[in-house]
Amino acid sequence: MRMMEMVWTDEFLDRKRTECDPEADEAVRNLSQHEVTLANELMTHLILNEQPVPEALPPSLRRFLNDTRALPSWAQKSLILEGQAFFNRCAPQMLLALFCASLPSCYAASKGVKVLHTTGRMGRERGTKARNRLSTELLTSHPEGLLSRLARRFLARFKGSADSSSEPGLPTNLYRRILETAQMVVDVMAPDQGPGKPAGLEPGGRGIRSAQKVRLMHAVVRNLIAQKGQWDPALGQPINQEDMAATMLAFSVVTLRALPKLGYTPSPHEKHAYYHAWRVVGHIMGIDGELLPERYEDGERLFDKIAQRHFHWSQEGQEMTQALLSLMDHVTPGNLFDDLGEVLIHHLVGPSTARAAGVPDTYDLKSILVMGPLIGLGWATDQMDEQSLFSESLCGLLGRKLMEGIVWAGRGKNRVPFRLPDQLRQTWGLHGWEKAPERPDEQATA
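Numbering (my numbering), first residue to last: 814 to 1259.
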């Protein structure tokens, strides 16, 4: 695997910025408006990995969905299941790491973040051209469910808003992108829950279909950007191979690096298993094998190389980070944890990456009083090479409160409520929270 490290030169990675995902791009390139409308409707009901692809889908999409759902030959089922079980054990800390380390690291990449920001703008432009209906919906539109209606009352009660559904002044389209990303992470990392409830990447799970939909969304975004003809070629291709690899590494390497600062130090085997599971997801999402190193340590080296190349402040990155921080404040009940996101981001990724993501260096007194003991005690226990029970408990509370808000808020009007596997609910201590209502198509195929 040292051979792999040698090819990660600037010249090699520059070339990867010119490469995208030909298989997915071809699947969406020549869809007619009728096919776009039909695909949006039919893909809404394609949930489980083993569900047959609807015959009415356009042939190019049918071929893509059938040809790209198999796991790679090098995938190790036992390691994948161990990685998913690890996610379940550390779920609250994993969620905090996703929101306060992984996503900010994505937004710190000044070139790659521009397409994420552009995707949010596409959501606002939807309707100006009928073809754009496929652009940022992730092919998961669905009429508003009970959970979303209850969420408005819940948020209004705790936030003092007359109608939280409108989210006044908030970048709703960017919010939806963030929550859809979180949903994909939960889908692919769902643990084995026993008979009838398989893990996310097993035949009866949801993770492969969820990853395929994100991969198709990436292709649609590239297609729409190409149609507009306004993309700066100096940035490389939109959603290129280097940027996709960086995202996969942010969800694996960056998360694992953050966990010790949140009170849990993973063992070498836990790191290997979790990284392997994400490496498999990277393959499903169309990342080149040359950018999927086998060893976790080599994944760290590749991420650090990409960060050294691209982590710089940008206006787009700052706006994405502010949307993320606002979302955390918005979905968390009450005001106790408001404005703590900035402190957590600095704590988890360090001041250099935090500044590149547009996170301010100054905090209010409440943030310092609440997070100061966490950071100080976490540092002290690190010096003693012991697990920090205080840090783990406090971060677990923060993570659970954040997840409660996300589960109840769903993703807004015309969105499927946020799905959370039963075992994760039990492990995270979300007792008494109603499950999202199943859709008729899910009841028929589950």
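Don't be surprised by glycine CBs; every beta carbon is placed ideally from N, CA and C.
Reduced DSSP secondary structure (H/G/I, E/B, other) of Ala922: By one-based count along the sequence shown, residue 922 stands at place 109. If DSSP states are grouped into helix, strand and coil, Ala922 belongs with the strands.
Please look up how many angstroms separate the CB atoms of Arg1035 and Pro1016, rounded, as I've assumed it's under 8 Å. Numbered from 1 along the sequence shown, position 222 holds the residue referred to as residue 1035. Numbered from 1 along the sequence shown, position 203 holds the residue referred to as residue 1016. The pair is not a contact, with the Cβ atoms about 30 Å apart (cut-off 8 Å).
Quick check on this structure: which residue in Ala1086, Asp1056, Asn901 has the alpha carbon closest to the alpha carbon of Asp766? Nothing in the structure corresponds to residue 766, since the chain is present only between 814 and 1259.
Using CA coordinates, which residue listed in Asn853, Gln1128, Arg1168, Val1172 is at the minimum distance from Thr931? As a working mapping, residue 931 is identified with position 118 in the sequence shown. Looking at the Cα atoms, Gln1128 is the closest of the given residues.
Phe877 lies in the alpha helix (DSSP H); which residues open and close that run? Counting from one through the sequence shown, the residue named residue 877 turns up at place 64. For Phe877, the enclosing alpha helix (DSSP H) covers residues 872-880.
Exposed or buried, which one is Pro1081 when buried takes at least 16 other CB atoms within 10 Å? Taking the sequence shown and counting its residues from 1, the one referred to as residue 1081 is at position 268. The residue in question, Pro1081, is exposed, as its Cβ has fewer than 16 Cβ neighbours within 10 Å.
Mind the definition here: the region 1026-1041 touches the region 895-914 only if three or more C-beta pairs lie below 8 Å; say whether that holds. Cβ pair count under 8 Å is below three, so no.
Please classify Gly1076 as buried or exposed, where buried requires at least 16 other C-beta atoms within 10 Å of its C-beta. By 1-based counting over the sequence shown, the position of residue 1076 is 263. Answer is buried; the Cβ neighbour count reaches 16.
Taking the Cβ atom as the reference point for each residue, do Asn1053 and Cys833 lie within a distance shorter than 8 Å? Counting from one through the sequence shown, the residue named residue 1053 turns up at place 240. Counting from one through the sequence shown, the residue named residue 833 turns up at place 20. Contact: yes.
Spatial neighbours of His1123 within its chain, please: CB distance less than 7 Å, with the 5 preceding and 5 following residues excluded, ordered by chain position. Within the sequence shown, numbered from 1, the residue matching residue 1123 stands at position 310. Answer for His1123: Ala922, Ser923, Lys924, Gly925, listed in chain order.
Between Thr1134 and the rest of its own chain, which residues show a CB-CB distance below 7 Å, the 5 nearest in sequence each way excluded? The sequence position of residue 1134 within the sequence shown is 321, counting from 1. Within the same chain, Thr1134 has close Cβ partners Pro917, Tyr920, Ala1170, Gly1171, Val1172.
Cβ of Gly1007 less than 8 Å from any chain D Cβ? Among the protein chains of the structure shown there is no chain D, as only one such chain exists.
Cβ-based neighbour list, Ser873, same chain, cut-off 6 Å, excluding 5 preceding and 5 following: Residue 873 sits at position 60 when you count from the first residue of the sequence shown. Answer for Ser873: Ala840, listed in chain order.
Exposed or buried, which one is Val1066 when buried takes at least 16 other CB atoms within 10 Å? Mapped onto the sequence shown, residue 1066 falls at position 253. Buried.
Can you pull the DSSP bridge partners for Phe1124? Here residue 1124 corresponds to residue number 311 of the sequence shown, with the count starting at 1. Ala922.
From Thr1068 to Ala914, what distance separates their C-alpha atoms? The count along the sequence shown starts at 1 and reaches residue 1068 at position 255. The count along the sequence shown starts at 1 and reaches residue 914 at position 101. Taking the straight line joining both Cα atoms gives about 7 Å.
Residue from Gly1163, Pro885, Asp1174 with nearest C-alpha to His1096: Along the sequence shown, read from residue 1 onward, the residue named residue 1096 stands at position 283. Checked all of Gly1163, Pro885, Asp1174; the closest Cα to His1096 is Pro885.
C-alpha gap between Leu929 and Arg989, whole angstroms: Residue numbering aside, residue 929 sits at position 116 when the sequence shown is read from its first letter. Residue numbering aside, residue 989 sits at position 176 when the sequence shown is read from its first letter. Using only the alpha carbons, I get a separation of about 12 Å.
Hey, Phe877 and Ala837 are a contact pair by Cβ (cut 8 Å); roughly how many whole angstroms apart? Counted from its first residue, the sequence shown places residue 877 at position 64. Counted from its first residue, the sequence shown places residue 837 at position 24. The pair is a contact, with the Cβ atoms about 7 Å apart (cut-off 8 Å).
Could you work out which residue in Glu854, Ile860, Leu1215, Asp827 is closest to Gly1018 when comparing CA atoms only? One-based indexing of the sequence shown puts residue 1018 at position 205. The shortest Cα separation from Gly1018 among Glu854, Ile860, Leu1215, Asp827 belongs to Ile860.
Under three-state DSSP, which class holds Gly1212? For this step, residue 1212 is matched to residue 399 along the sequence shown. Reduced to three states, the DSSP call for Gly1212 is helix.
Consult DSSP for Arg845 and reduce its assignment to one of helix, strand or coil. Residue numbering aside, residue 845 sits at position 32 when the sequence shown is read from its first letter. The sequence shown places Ser at residue 845, not Arg. In the structure shown, Ser845 sits in coil (DSSP, three-state: anything other than H, G, I, E or B).
Would you identify the three-state DSSP class for Val866, choosing helix, strand or coil? Looking up residue 866 in the sequence shown gives position 53. Coil at Val866, not helix or strand.
Measure from the alpha carbon of Asp1045 to the alpha carbon of each residue in His1143, Gln864, Asp827, Lys927, then state which is nearest. If you number the sequence shown from 1, residue 1045 lands on position 232. Checked all of His1143, Gln864, Asp827, Lys927; the closest Cα to Asp1045 is Lys927.
Cα separation between Gly1102 and Leu894? As a first step, residue 1102 is located in the sequence shown; it is residue number 289 there, counting from the start. As a first step, residue 894 is located in the sequence shown; it is residue number 81 there, counting from the start. Spanning the alpha carbons of Gly1102 and Leu894 requires a straight line of approximately 21 Å.
Just verifying my parser: in three-state terms, what is the DSSP assignment at Gln1050? Against the sequence shown, residue 1050 aligns to sequence position 237. For Gln1050, the three-state secondary structure derived from DSSP is coil.
Relative to the C-alpha of Met1216, which candidate in Ala1063, Gly1163, Ala904, Ala1047 has its C-alpha closest? Locating residue 1216 in the sequence shown gives position 403, counting from the first residue. Nearest C-alpha to Met1216: Ala904.
Measure the CB-CB distance between Asp1235 and Gln1006 and report whether it falls below 8 Å. The residue given as residue 1235 occupies position 422 in the sequence shown. The residue given as residue 1006 occupies position 193 in the sequence shown. Yes, Cβ-Cβ distance for Asp1235 and Gln1006 is below 8 Å.
Rounded to a whole number of angstroms, what is the C-alpha to C-alpha distance between His1160 and Glu868? Against the sequence shown, residue 1160 aligns to sequence position 347. Against the sequence shown, residue 868 aligns to sequence position 55. Their Cα atoms are separated by approximately 50 Å.
Is the beta carbon of Gly1218 closer than 8 Å to that of Val1156? In the sequence shown, the residue the question calls residue 1156 occupies position 343. In the sequence shown, the residue the question calls residue 1218 occupies position 405. Result no, Cβ atoms of Val1156 and Gly1218 do not sit closer than 8 Å.
Work out the CA separation of Asn843 and Val1033 for me, nearest whole Å. Within the sequence shown, the letter at position 220 stands for residue 1033. Within the sequence shown, the letter at position 30 stands for residue 843. Their backbone Cα atoms lie some 11 Å apart in a straight line.
Relative to the C-alpha of Gly1009, which residue among Glu863, Leu1115, Thr850, Leu851 is closest? As a first step, residue 1009 is located in the sequence shown; it is residue number 196 there, counting from the start. It is Glu863 whose Cα lies nearest to the Cα of Gly1009.
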